[in-house]
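For the sequence shown, position 16 (counting from the first letter as 1) is numbered 110 according to our numbering, and the numbering increases by one without interruption.
In what follows, a structure is listed as structure tokens, so that the remarks can point back to it.
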Amino acid sequence: MKFFITGSDTDVGKSFVTASLLRAFLEQGAKAVALKPVQTGYAENSRIPDENSRIPSQSLEPDFKEYIKAGQNTYFKATCYTFAYPASPHFSAELEGKKIKARGILDFIEQNLAQITLIEGAGGILVPLNENQSFLDISKELNAPVILVCKNCLGAINHALLNLEILRQNSIKLAALILNFHDENDAICLSNQQFLQKKLSCPIITLKNYKNNENYSNSAKDFRAFISKFLDKK
């Protein structure tokens with residue numbers, strides 16, 4: 095089973111959601127891995143941390159470090175393209191005289207499939223990889239349900255519905271909508287949740303702004319009901 099995790103914008107918490115999902119699947123005994131095929135904003139060469147340490151090396155890719163905190167094997171390579179400049183993948187690659195190939199990403203994913211494979215995109219679904227391809231092409235080729243992450247704030251309804259229309263036009267299934275940074279005391283957050291629940295048939299999961307969540311065990315609890323139906327199929 096594969097899931098593609100994308101966001102309605104940058105900085106909406108895709109890595110947090112991916113690591114939380116990973117932790118939830120691992121806690122239930124599933125063989126799960128998280129992949130981040132393209133990582134920008136990473137300048138150092140990756141190196142393996144000490145085998146006796148569960149604390150990842152500072153030189154590991156930022157999102158890979160979060161996967162390790164959630165329980166992923168420290169020796170597992172989660173990324174196939176890394177670039178120093180923190181920008182859209184196509185631009186970061188251009189600055190280094192390189193080009194991202196969708197086929198390379200798909201081959202990397204295929205080589206690292208597990209019982210449950212979580213694939214985290216960079217930015218949103220239409221973020222370009224090169225002049226002609228975007229993460230939309232990756233999602234279509236994967237034929238994997240999408241988990242869409244939105245920041246639950248003013249504008250979330252518009253961002254969510256625009257993304258859902260793109261998925262609908264491309265016959266991509268939405269597995270769940272995640273409303274991240276949810277505040278139960280905020281009227282806008284509650285209104286967004288209520289409106290979208292009337293519009294969508296998929297699960298809508300709200301995540302608060304967790305603190306003291308070093309290994310993602312707290313936020314993983316919010317995904318238990320969602321992941322149970324997929325584990326029941328195994």
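Note that the Cβ used here is the ideal one computed from N, Cα and C, for glycine as well.
A quick note: this is a predicted structure, and the numbers were derived from the prediction, not measured.
| Asked | Found |
| --- | --- |
| Backbone CA spacing between Ile-210 and Ile-251 [nearest angstrom] | 29 Å |
| Cutoff 7 Å; reference Arg-318; Cβ partners in own chain excluding five residues on either side | Ala-118 |
| Local Cβ density within 10 Å of Gln-165, reported as buried at 16 or more and exposed below that | A quick correction: the sequence has Gly, not Gln, at residue 165. Buried, by the Cβ-count rule. |
| Where Glu-214 falls, given that 16 or more other Cβ within 10 Å makes a residue buried | buried |
| Separation of Tyr-161 from Gln-152, as counted between CA atoms | Its pLDDT being 42, under 50, Gln-152 is placed unreliably by the model, and the measurement read from it follows with that caveat. Answer to the nearest angstrom: the Cα atoms are 14 Å apart. |
| For Pro-222: DSSP bridge partner residues | Ser-228 |
| C-alpha distance - Leu-256 paired with Ala-270, whole-angstrom precision | 15 Å |
| DSSP state of Ala-128 mapped onto helix, strand, coil | strand |
| Other residues of its chain near Ile-241: CB distance less than 6 Å, five sequence neighbours each side excluded | Phe-97, Ile-99, Ala-269 and Ala-270 |
| For Leu-242: DSSP bridge partner residues | Thr-100 and Leu-271 |
| Contact belief for Phe-170 with Val-127 at Cβ below 8 Å, rounded distance in angstroms | 6 Å |
| Alpha helix (DSSP H) runs contained entirely in the stretch 274-304, provided each spans 4 or more residues | 281-293 |
| Buried versus exposed call for Glu-259 [16 or more other C-beta atoms within 10 Å across all chains shown] | exposed |
| Selection from Ile-266, Leu-248 and Ile-321 that minimises the alpha carbon distance to Asp-231 | Ile-266 |
| Rounded C-alpha distance that separates Leu-325 from Gln-205 | 22 Å |
| Close beta carbons around Gly-217, own chain, < 7 Å, minus the five adjacent residues each side | Gly-101, Thr-104 and Ser-182 |
| Sub-9 Å separation of Cys-247 and Ile-282 beta-carbons | yes |
| Beta-ladder partner(s) of Tyr-175, from DSSP | Val-132 |
| Beta carbon of Gln-361 nearer than 9 Å to that of Glu-155 | Since the first residue shown for the chain is 95 and the last is 328, residue 361 is missing from the structure and cannot be characterised. |
| Alpha carbon of Ile-321 to alpha carbon of Gly-107, nearest angstrom | 19 Å |
| DSSP state of Gly-165 mapped onto helix, strand, coil | coil |
| Nearest-angstrom Cβ-Cβ length linking Arg-130 and Thr-173, presumed shorter than 8 Å | Note that residue 130 corresponds to Lys in the displayed sequence, not to Arg. Yes, they are in contact, since the Cβ atoms of Lys-130 and Thr-173 sit about 5 Å apart, within 8 Å. |
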